[in-house]
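Accompanying notes for the structure given below.
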Amino acid sequence: MLLTFLGTSAANAFPEAFCKCNNCEQARYLGGPSLRKRSSLLINDDLLIDLGPDIMAASQFHGCSLTKVSYCLQTHPHADHLDLSHLLSRSPEYGVVGAPCLNFYASQETLQRAAQTFERDLAGDNLLSPDTQKYLNLKIHVIDPLHPFTFGNYRVTAFPANHAPSMGALLYAVESNGKSIFYGIDTATLFEQAWQAFHQYKMKFDVVILDHTYGPEQPGSDHLSAHQVIEHARRMRNEGLLTPDARVFASHIAHEGNPAHPMLVEFAKQHGYEVAFDGLVLEV
Ligand SMILES: [Zn+2]
Ligand SMILES: [Zn+2]
Ligand SMILES: [Zn+2]
Numbered sequence: 009m010l011l012t013f014l015g016t017s018a019a020n021a022f023p024e025a026f027c028k029c030n031n032c033e034q035a036r037y038l039g040g041p042s043l044r045k046r047s048s049l050l051i052n053d054d055l056l057i058d059l060g061p062d063i064m065a066a067s068q069f070h071g072c073s074l075t076k077v078s079y080c081l082q083t084h085p086h087a088d089h090l091d092l093s094h095l096l097s098r099s100p101e102y103g104v105v106g107a108p109c110l111n112f113y114a115s116q117e118t119l120q121r122a123a124q125t126f127e128r129d130l131a132g133d134n135l136l137s138p139d140t141q142k143y144l145n146l147k148i149h150v151i152d153p154l155h156p157f158t159f160g161n162y163r164v165t166a167f168p169a170n171h172a173p174s175m176g177a178l179l180y181a182v183e184s185n186g187k188s189i190f191y192g193i194d195t196a197t198l199f200e201q202a203w204q205a206f207h208q209y210k211m212k213f214d215v216v217i218l219d220h221t222y223g224p225e226q227p228g229s230d231h232l233s234a235h236q237v238i239e240h241a242r243r244m245r246n247e248g249l250l251t252p253d254a255r256v257f258a259s260h261i262a263h264e265g266n267p268a269h270p271m272l273v274e275f276a277k278q279h280g281y282e283v284a285f286d287g288l289v290l291e292v
């Protein structure tokens, strides 16, 4: 699997355009990997995790076309992860040529929320109706959490996230060609139910990507902090959930408590994990 990080920031981007805090000023000064867009991940050239607000900018900036994307796994409907205007802009009605049908996978709650927003703020149409999906070149699939499903070359298991409970937020294990990754964004401390399911399905991850909203000096709350990322990585290793060469990456990084990229990399190195950045490509 080829992983391309299209964005690695928390909800407010990093630097936050309106913010003069030390972390934002430092990131502006350093540029490069310190500049983070809102989180989204591209797997190979056909699977997207989150139809996020910055994917157009990411595609342009990192020279990474989304023309072959035919699957999207949506974590939840928060605005830093889901921009429904992309469903309109990628449709033939808006002049898009040659895009495959987009198979959009999400929880029932996320789809209900998305349908409300789409009808109220965007098109006035019912997103879930077959006619709307047809004109959008879209096919919607409801995910049953903790029950693996397959499409294309992928086998996916969705786990309830400890985040936005009324929205059915999901985390994903994606397996393909004998390799396996875990995308753990957005979430606070993983539910025991998720750990049990990792074991039930005998999962062994080659790459783990974890929510790192809060930095080294902050406690976690509705998202993980640096120290909780360290604890989660340790528990995964101790419980045999990682392959011997597995790599753990922080993403969804907020400006309030995290330093600019090079300093965060130094901290992470001392604690056995790595820090993702926008445009990072990993071969798994
Ligand atoms: Zn988020
Ligand atoms: Zn700031
Ligand atoms: Zn969220």
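According to this note's numbering, the sequence shown is numbered sequentially starting from 9. Where a beta carbon is used, it is the ideal one built from N, C-alpha and C, also for glycine.
With 16 other Cβ atoms within 10 Å as the buried cut-off, status of residue i
i: residue 158; result: exposed
i: residue 25; result: exposed
i: residue 31; result: buried
i: residue 278; result: exposed
i: residue 183; result: buried
i: residue 37; result: exposed
i: residue 150; result: exposed
i: residue 259; result: buried
i: residue 240; result: buried
Collapsed DSSP secondary structure at residue i in the structure displayed
i: residue 242; result: helix
i: residue 14; result: strand
i: residue 80; result: strand
i: residue 30; result: helix
i: residue 275; result: helix
i: residue 130; result: helix
i: residue 121; result: helix
i: residue 57; result: strand
i: residue 192; result: strand
i: residue 153; result: coil
Best match in the options for proximity to residue i [C-alpha to C-alpha]
i: residue 250; options: 289, 281, 270 and 213; result: 213
i: residue 23; options: 137, 262 and 71; result: 262
i: residue 193; options: 200, 148, 207 and 177; result: 177
i: residue 256; options: 215, 207 and 69; result: 215
i: residue 9; options: 56, 226 and 145; result: 56
i: residue 172; options: 254, 160 and 229; result: 229
Cβ-based neighbour list, residue i, same chain, cut-off 6 angstroms, excluding 5 preceding and 5 following
i: residue 89; result: 58, 60 and 83
i: residue 105; result: none
i: residue 48; result: 14, 15, 58, 60 and 63
i: residue 224; result: 234 and 275
i: residue 81; result: 57, 113 and 180
i: residue 42; result: 35, 268 and 269
i: residue 204; result: none
Span separating the alpha-carbon of residue i from that of residue j
i: residue 33; j: residue 44; result: 13 angstroms
i: residue 101; j: residue 40; result: 36 angstroms
i: residue 222; j: residue 195; result: 12 angstroms
i: residue 285; j: residue 242; result: 22 angstroms
i: residue 50; j: residue 91; result: 16 angstroms
i: residue 12; j: residue 118; result: 24 angstroms
i: residue 220; j: residue 273; result: 12 angstroms
i: residue 68; j: residue 248; result: 39 angstroms
i: residue 138; j: residue 123; result: 13 angstroms
i: residue 145; j: residue 227; result: 43 angstroms
i: residue 99; j: residue 163; result: 27 angstroms
i: residue 185; j: residue 246; result: 25 angstroms
i: residue 169; j: residue 188; result: 19 angstroms
i: residue 154; j: residue 211; result: 13 angstroms
i: residue 156; j: residue 129; result: 33 angstroms
Cβ neighbours of residue i in the same chain (closer than 7 angstroms, five flanking residues each side left out)
i: residue 121; result: 85 and 175
i: residue 140; result: 133 and 134
i: residue 291; result: 10
i: residue 107; result: 75, 98 and 145
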